[in-house]
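A quick write-up on the structure given underneath.
Residue numbers (our numbering), protein chains in the order written: chain A, 1 to 523; chain B, 524 to 1013; chain C, 1014 to 1116.
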């Protein structure tokens, strides 16, 4: 097995791609394609567990690194690495992978083999994006994500799928091409495409501004940050369930991941100068997303707008430039991936039965589908950040970190404003729940609805478990990312002549306390 | 009046093997067509195919070493010429192979089909010479050889209205622009008294001319080059000719003569560059031409409903991208152009071939008839999708790498606005290329859609192009090295 | 008696060139249009020969002119063949009436 463990990152990344090719070339029968896809996704998850168990928590640098000279005499390399931040996001990806594939079992009925291949291909691109440590490699994976997503929405999507697919493609492409220009500019300065090479460039503050804006705009479109979010509701509503889950669960995290990995450490002075503007946009997004979600008639659109709101917290946490805020942001990314992913799966369950998602078509479903209703309630509570479930810790840490941020002007005002987002979140989610599940079962068409099948429960069960685990045991997760966060924030803090310790959070080990509320303290 | 003229040696012809092969193939194919009469022109086909393959093999196996000025001062056989020999003979091989199964070429409406293959061989030889010319006489002669051949090829389907119109427009625009260029060349000759590029440069350095006359001469000469590469504002012929000509011919035109035009332009301007820069603001002029060309091509392409015409406009846009490497005529920029030409040849040929293969079967090039093609002809459509992705410039296809080098060069030279314009143009181009992908994959297969049958030979040729499009996107060092070396010889 | 010098030849060349361009831009008859092209080419020829005689005493310009004359003949042959095909297909040699391709 050493040949696997020696280049474990490549295996984790490219195993799905191999599966996709296998399906396309040899296994075009529907059920065989499904089984192979499922097998590959599960195998990929098992492989990625190796990363979790062999990860050195104390080491802030990239681990499991691989470096193969690729092109241009070593200026461009196939360079992969994994730190704590990447670790959690890769695990989230491989964890959701099999569940997504399982969820398509009955939802996708035509061109099954192609859909499986695209899902696996997408998984390769996503994992690669998290692991690439060479800017060209990163960009290749980054753009490669677009193509399968375009097809997934365009072929298996809803009524206005073509419009949604083209909009998604053009929006994200426009952003990422500007980033490409910035990358190429830095390449011409640094003479190498490696991330380390970019890090060691001493860029004058004025140039940092342009480069930072080019990078961050690309990421902001992906997040999506207000006012670049207009592609998201369209994409979510038109995408098939599997596409929505991946979009919400992982793809949106690419944006925030990029901000953390590239925008902040590469351009510290610009991050300090312009970060607050993005934080303000994030707060606007939090409130705007929540308000718009409240008036939605379509459940899926409601969940889509709630993503805008939730990811606003992540961006706010990142640009607080404090360790607690960033850690909270990452935690919120995980939590949002799980809870929103689960919500989209649940919406998919009812859509498959009734072919409508309008809130007004439902009501009183709890009588007819008790299991469904209770799972939905559980996920709803997780999404609005009930303490003890996954949504709480992240949002709390973000608000806490931002509140104490010295680099964010008017931090306290921003925190107060964004806390209203938490309250609004509770209102629109619970109100939606009430209208869909409580009351009388008025609509005739809903009276013969069947409750969730065993397969559907099985898809959601792992997510539910992790919603609880993340809610009560943040320690093991946070201790993995903590050194990496310090490392990523070092350039910013150095610029402010502060040692990382000033903003250090300590996470007591799990044996001391399991209560998330008391787990953080600021020295 | 006694002039010292170097009489060429017979030994000089040892430098001309690929050209000799192509011209020989042309003559043999013509004779073969007359002697062996059959339903299909097997003999000319085989002769030209083998000739092109031999030329390709020879160009790879024994690239020119050093700089050999051959035939007096008329041509220069260097690694730059060697690079283009490879490109042109490859393009010829693919086009010849592809045409064999093409209805437009091999349909029953035409006699003497062998001439077609002979003309391809002739044109390929002519393009190779274009890349070697270093004298005004050879420049003009080689350009005209290629032009005259292409007029005939554009009108190859002589009973078709569209084909005739295409060749008519081609010949009129071509004749006028080459006439203007010749007049400009006569003035340049008058200013310097020299015919060779090097002589012109030295004379201009020794006796600088005033700005106005330089500008006039430059504009006149650019008319000829601009016509050849379809640069705005000399592009008017391009959409009509590409749409009207038989599709394999359009494919050949969109890469062959265009690359040859660039080759000639690079050699000419690279040699006489210094005196030109001293008198006029060359980089600004090229930057504006480049921005206008790509923007025009892309914006007009968006409205097109005929795929062939769409690709014609997109090829204008690609000329705009290529011109970005021409800004300061730095080795880096020229290397980027050469590499992009290689990539462009592969991907654009592929896209046109797909159009032709589909046209063979459903007799339409309209976007609306492409509905659901992704499921009616899955393998061909996948390859088309690869070409489209590459034309947009998305990783992991070759077009991305090509643009990468061009943009890097523009940024290194500090032309930020041009890079931004280029990037915005890529987004526009994404829109219309994805229209094709959209029709192929997202639209339902119509009930009465005719079955799509694609000839085996078409699959083979398209695969011959699709595989390099992917490989060049992931591993291009070797090929970039060939392009780099071509410029290093200057 | 005035001596005929370079300027006179160049003037003739320029006049021929201008007439050619004028013909190309105004005439809509394809044959007349091609005649305009011939004028342009011959304008350049006059220049080449004149420069060759007066500026740099060499035969380079003469050689060029000879090549261009041959080439003009070849071009006329090809172009007239195409005009013939046009006449057969469209029944006219008028450029504006050829519009089977969309604009």
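Idealized CB from N, CA, C, for every residue including glycine.
Below 8 Å on C-beta distance, what does residue 1113 of chain C contact in chain B? 684, 685, 688 and 767
Within the 7 Å Cβ cut-off, does residue 326 of chain A reach chain B? no
Could you pull the DSSP bridge partners for residue 63 of chain A from this structure? A:82
Cβ pair residue 1019 of chain C, residue 1067 of chain C closer than 7 Å: yes
Tell me the DSSP secondary structure of residue 514 of chain A in three-state form. Reliability of the predicted coordinates at residue 514 of chain A is poor, the pLDDT of 43 falling under 50, and the value obtained from them is presented with this limitation in mind. Residue state, collapsed to three classes: coil.
Under 8 Å: do the stretch 1026-1043 of chain C and the stretch 594-608 of chain B share three or more Cβ pairs, one atom per stretch? no
Should the stretch 714-726 of chain B be regarded as contacting the stretch 810-823 of chain B, the criterion being three or more beta carbon pairs within less than 8 Å? no
Mapping the DSSP letters down to three states, classify residue 52 of chain A as helix, strand or coil. helix
Closest Cα partner of residue 229 of chain A within the set A:201, A:175, A:430 and A:151: A:175
Based on the DSSP output, what are the partners of residue 77 of chain A in its beta bridges? A:69
Using CA atoms only, rank isn't needed, just tell me which of A:156, A:394, A:368 and A:281 is closest to residue 444 of chain A. A:368
For residue 28 of chain A, which residues in the same chain have their Cβ closer than 7 Å to its Cβ, ignoring the five residues on either side in sequence? 113
First through last residue of the alpha helix (DSSP H) which encompasses residue 1100 of chain B: Since the displayed chain B opens at 524 and closes at 1013, residue 1100 of chain B lies outside it and no answer follows.
Count the other CB atoms within 10 Å of the CB of residue 171 of chain A; is the residue buried (16 or more) or exposed (fewer)? buried
Comparing C-alpha positions only, which one of A:290, A:8, A:345 and A:235 sits nearest to residue 131 of chain A? A:8
Are the C-beta atoms of residue 674 of chain B and some chain C residue less than 7 Å apart? yes
Might you give, ordered along the chain, the residues of its own chain that have their beta carbon closer than 6 Å to the beta carbon of residue 1114 of chain C, omitting 5 neighbours on each side? none
Can you pull out the residues from the stretch 991-1005 of chain B whose beta carbon lies closer than 9 Å to at least one beta carbon of chain A? 996, 997, 998, 999, 1000 and 1003
DSSP state of residue 600 of chain B mapped onto helix, strand, coil: strand
List the residues of chain A that residue 912 of chain B touches, going by C-beta distances under 8 Å, in chain order. 147
Return the CA-CA distance between residue 563 of chain A and residue 358 of chain A, expressed in angstroms with no decimal places. Past the edges of chain A, shown from 1 to 523, lies residue 563 of chain A, and the structure says nothing about it.
Below 7 Å between beta carbons: does that hold for residue 173 of chain A and residue 135 of chain A? no
Can you tell me whether DSSP reads residue 1007 of chain B as helix, strand or coil? helix
Beta carbon proximity, residue 942 of chain B to chain A, threshold 7 Å: yes
Hey, how far is the Cα of residue 499 of chain A from the Cα of residue 407 of chain A? For residue 499 of chain A, the pLDDT reaches just 42, beneath the cut-off of 50, and the residue's location in the model is therefore unreliable, leaving the point undetermined.
For the alpha helix (DSSP H) that residue 219 of chain A lies in, which residues bound it at each end? 205-222
Residue-chain proximity (residue 331 of chain A, chain B), Cβ-Cβ < 7 Å: no
Three-state secondary structure (DSSP) at residue 889 of chain B? strand
Three-state class that DSSP yields for residue 486 of chain A in the structure shown: helix
For residue 154 of chain A, go through chain B and note every residue whose CB falls closer than 8 Å to its CB, in chain order. 961, 964 and 965
Should residue 613 of chain B be labelled buried (16 or more other beta-carbon atoms within 10 Å of its own) or exposed? buried
Burial state of residue 296 of chain A (16 or more Cβ within 10 Å): buried
Quick check on residue 502 of chain A: buried or exposed, where buried means 16 or more other Cβ atoms within 10 Å of its Cβ? Only weak support is given to the placement of residue 502 of chain A: the predicted model assigns it a pLDDT of 46, under 50, and the value that follows is read from those uncertain coordinates. With fewer than 16 other Cβ atoms within 10 Å, it is exposed.
Collapsed DSSP secondary structure at residue 339 of chain A in the structure displayed: helix
Could you check the C-alpha separation between residue 513 of chain A and residue 338 of chain A for me, to the nearest Å? With a pLDDT of 42 at residue 513 of chain A, under the threshold of 50, the modelled position of this residue cannot be trusted; read the value that follows with caution. Using only the alpha carbons, I get a separation of about 24 Å.
What's the gap between the Cα of residue 486 of chain A and the Cα of residue 169 of chain A? 34 Å
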